[in-house]
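Accompanying notes for the structure given below.
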Amino acid sequence: MHFPHLHLRCMPQRYVVAIELFLILMGSYTLRFSACYAIPKMTKVEEAEKDPKVCPFKDNATKQEEERENEFHWTAAQQGFIHAGFFYGYIATQIVGGILADLFNHKVVMMTGFITSILCVFLTPAATLLFDYIGLFIIRVILGFGQGITYCSMFAATMYWAPNHEKAIINSLVFTGIHMGNIVNGLLSGYLLVNLNWQLVFYIYGIISTFIAILFIFTTYTYPDHFPGLSEKEKAIFEEHKKEIEKKKKHKKIPFKAILTNIHVWAIVIAAFGNDFALFTLVLYMPSYLNRVQHIPIDKVGYYIGAAFILLWIYATISTPIVDCLIRKNKLSTTLARKIFFLIAAAGPSFAFLLIALGGCSEIASLIGLLIGYPILGLYYASVKINGLDLSPHFSGTIFSIGNCGGCIAGLIVPQLIASLTPNNFVSEWSIAFLITSFMIMATGALYFVMASGELQEFDSYGQEIKEET
């Protein structure tokens, strides 16, 4: 049953759907990374107290707060195991989720993944209390399954609800939900953990996402032509758009060999790996490092990381029109613009992790790195994120999916690498981990600069030939 009267009549329906998809992505990312903030409040790592260079507590209240929160005694390896669990499930559904969304009702597939994620978060406290870190690991794997299906279904939804002439705008609006989820997670999680307890963090995020799911289920239709309240203008837009989709589905064959053997496509994969290596190091481990090693209160940690993502979102938003303007006015070629902006994007977080590594116990160094260096990664969205459209407008979706695999690989490597480098939670161990992270990010920036291109590739003509045949 649907209630179309709940929709905004002052706004085209495609934008209402885009806002609801934005909310689903926002909710998904709060569910995905809520454990990263909760784990520092759930665990106590005694080995850190043996560090000869242990960071001083900010005050006695901070020390007492940390001593109270010691329900679980997980090693660095066990915490890495927990973090990696999500990515085992996520990678497994990267391809399956897209296929299911194409073969079946993508709204049903998306909601299946989203509701699975919600249930996992609701069950997280019970599973952890009953089965310790193994219970949390299993929940995280299943959460990864749900999130992979949800994320892949997004592309099927925007394919139907985003006409070609507005595809960039609508997709930009929808996927901004990722940034908003990270912002909400940072700003809200720390506050909740200080004023409530770690179990309630999962329940509150679960409740928020439940309301989002209910809103989407009862107010959104799978396909535009199923919605009875479309204006005549929108009906005409979607009738034309539907013809284009059916034409593509009937005739489009993807030249996988040409795409997979193209060095410029692999440049995107490498850059995606570097981007997500920085992201996962920050989201998965920075809360623990700042709270358990530098002894910064968890609410301040959340505010710092939330502010970093706000600035990253601003960089991402303003850099895209700047790059477009530079290319349009022939100030830079497309190739050079993509290369330069990602090199700068990589240099920002590389500097941030280098500063944090060398700063040791300095909260100021960490704050400068988080608020000045890391947000520059937002330039990734004006360079690598849209580079697939440069190479091949006809097969940009396929290139994006292949590139996303680079990010998934980073998700598997980061937890294992950081855990192996920080077995005792010593400051010196974390410094090495952050130095390696800094190098990895800068290395991917350099490789992308050498390998990338903004020129139309020969394999795109295959899609054009098929289009002309129809």
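Its first residue numbered 1, the sequence shown is counted upward by one per residue in this note's numbering. Quick reminder that beta carbons are idealized off the backbone N, C-alpha and C, glycines included.
- With respect to the 8 Å criterion, residue 218 and residue 444 are not classified as neighbours on the basis of their beta carbons.
- Per DSSP, the continuous alpha helix (DSSP H) segment holding residue 41 begins and ends at 13-42.
- In this chain, the alpha helix (DSSP H) harbouring residue 313 covers 298-328.
- Rounded to the nearest whole angstrom, the CA to CA distance from residue 269 to residue 406 is 5 Å.
- Taking a 10 Å sphere around the C-beta of residue 145, we find 16 or more other C-beta atoms and assign the residue as buried.
- DSSP, read as helix, strand or coil, puts residue 137 in helix.
- A straight line joining the alpha-carbon of residue 291 with that of residue 438 spans about 21 Å.
- Residue environment analysis places residue 450 among the exposed positions, since fewer than 16 neighbouring C-beta atoms fall within 10 angstroms of its C-beta.
- Apart from sequence neighbours up to five positions away, no residue of its chain approaches residue 132 with a beta-carbon distance below 6 Å.
- Ranking 138, 99 and 128 by CA distance to the CA of residue 155 puts 99 first.
- Between residue 435 and the set 210, 278 and 95, the nearest pair of CA atoms involves 278.
- By the Cβ neighbour-count rule, residue 321 is exposed, with fewer than 16 other Cβ atoms within 10 Å of its own.
- Boundaries of the alpha helix (DSSP H) around residue 419: 396-421.
- In the DSSP assignment, residue 72 forms a beta bridge with 43.
- Within 10 angstroms of the beta-carbon of residue 229 lie fewer than 16 other beta-carbons, which makes it exposed.
- Per DSSP, residue 51 is not a residue of any alpha helix (DSSP H), being assigned neither H nor E.
- In terms of Cα proximity to residue 164, the closest of 389, 455 and 366 is 389.
- Put simply, the backbone Cα of residue 40 is about 42 Å away from that of residue 324.
- By the 16-neighbour rule on beta-carbons within 10 angstroms, residue 150 is buried.
- When the Cα atoms are used, residue 160 and residue 242 turn out to be separated by approximately 7 Å.
- In terms of Cβ geometry, residue 374 and residue 308 form a close pair [threshold 8 Å].
- Rounded to the nearest angstrom, the Cβ distance from residue 452 to residue 387 is 7 Å, consistent with a contact under 8 Å.
- Ranked by Cα distance from residue 54, the options 425, 442, 283 and 457 are led by 425.
- In the structure shown, residue 176 falls within a helical segment according to DSSP collapsed to helix, strand and coil.
- Residue 79 places its beta carbon 8 Å or farther from that of residue 365.
- Going by beta carbons, residue 433 and residue 422 fall inside the 8 Å limit.
- Annotation note: the stretch 85-121 contains the following uninterrupted alpha helix (DSSP H) runs of length 4 or greater, listed N- to C-terminal: 94-103.
- Secondary structure of residue 295 (DSSP, three-state): coil.
- For residue 460, the closest alpha carbon among the candidates 201, 392 and 184 is that of 392.
- Annotation: residue 82 to residue 14 spans about 38 Å, alpha carbon to alpha carbon.
- The beta carbon of residue 76 lies closer than 6 Å to those of 419, 422 and 423 in the same chain, with the five residues before and after it left out.
- Take residue 234, set aside five residues on each side of it, and the residues of its chain with a beta-carbon closer than 8 Å to its own are 12, 13, 14 and 224, in chain order.
- The DSSP assignment places no complete run of the beta strand (DSSP E) inside the stretch 205-232 (cut-off: 3 residues).
- Looking only at 289, 129 and 109, the smallest Cα-Cα distance to residue 362 is reached by 289.
- For residue 365, the uninterrupted alpha helix (DSSP H) run begins and ends at 363-368, by DSSP.
- Using a Cβ distance threshold of 8 Å, residue 299 and residue 201 do not count as a contacting pair.
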